[in-house]
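Note sheet for the following structure.
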Amino acid sequence: MPTSRPSPTHFSMDRPTFRERLNAGLMRGVTLTRSLLYQVVLVGSALVYSTLLLLVGPMASDERLDRLAQSWAKLNLVALKWICGLRCRVSGLDRLPVENAIVLSKHQSAWDILALRAVLPIRQSWVLKQELMRIPVFGAGLRRLHCIPIDRAAGRRAIVELVREGLRNLQSGRWVIVFPEGTRTAPGCRRPYAIGGAVLAERSGKPVVPIAHNAGSFWGRQSISKTPGTIDLVIGPTIPTAGRSAAEINAAVEEWIESTVAALPGPDAV
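Counting from 1, position 187 in the sequence shown corresponds to residue 187 in UniProt numbering; the numbering is continuous, with no gaps.
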């Protein structure tokens with residue numbers, strides 16, 4: 001008995017039309033072009049602002065230097081909005097404590113660096129990989145901003161250095177910003193949360209502010225392309241550290257961040 005062939009219309013319902021494929025290709029091209037244009041703004045502004053930090057650093061107060069860094073971050077967020085159509089929605093600012101604290105944040109993209117610098121209290125000290133300090137001009141600018149460079153391969157010595165410098169900056173009234181994953185992590189993937197930030201919290205007694213976001217769904221960790229949409233950044237409830245071990249603090253931070261990130265929408269839902 002001969003078998004019947006499916007009608008051509010059966011396939012056309014599942015396959016995109018030529019016009020749909022063409023439109024999708026054009027949209028990808030437009031997105032890439034806009035992303036490359038923004039990349040020029042990002043690199044150019046980083047070079048200009050780093051040079052300014054070097055020139056005015058010996059004469060300017062820490063507050064002026066911090067404001068300069070904040071203005072660079074805000075400039076880039078505005079550029080992302082107008083060039084790439086990439087916006088941000090921040091919730092939980094009212095949860096920030098009055099006094100300085102330790103911020104432990106999800107790290108998916110270069111975007112989170114811009115956003116945290118722009119929205120958090122201005123006096124910030126960032127824990128970062130020491131390789132960044134070796135970048136000409138840019139690294140020298142970072143030194144003016146009380147950053148805490150860490151050798152990630154140093155193991156326990158890196159934690160000791162983080163705690164020593166972190167305590168010094170906390171005592172001077174600065175907020176210490178830590179990415180416990182240590183590097184950018186793609187959406188849907190998980191890395192172990194390093195204990196260093198939690199040890200600093202245990203030793204200092206300062207509260208921890210956890211932060212979650214879905215930036216990696218719009219600006220990938222190894223991608224130039226920026227998908228238009230709205231990134232959600234959520235500032236979590238302050239986690240008290242008095243009487244808690246570093247392991248307990250770290251577990252509480254990881255649980256809140258990962259559960260919050262999992263509930264955030266991706267580009268198609270925004």
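For every residue, glycine included, the Cβ atom is placed at its ideal position computed from N, Cα and C.
In the DSSP assignment, Trp111 falls within the alpha helix (DSSP H) that extends over Trp111 to Val119. With distances taken between CA atoms, Thr183 lies nearest to Gly220 out of Arg203, Leu75, Gly220 and Arg156.
Judged by their CB atoms, Ser204 and Leu167 are nearer to each other than the 8 Å cut-off. Apart from the 5 residues on each side of it in sequence, Ile195 sits with its Cβ closer than 6 Å to the Cβ of Ala246 and Asn250 in its chain, given in chain order. Checking the DSSP bridge columns, you'll see Trp175 partnered with Gln124. DSSP, read as helix, strand or coil, puts Arg89 in strand. The segment 102–111 makes no contact with the segment 143–155; the number of CB pairs closer than 8 Å stays below 3. Classified as exposed, Ala263 has fewer than 16 neighbouring CB atoms from the shown chains inside 10 Å of its CB. Taking the Cα of Pro192 as reference, the smallest distance to any Cα among Val78, Ala73, Pro240 and Glu254 is reached at Glu254. Straight across, the Cα-Cα distance linking Leu75 with Ser35 is about 16 Å.
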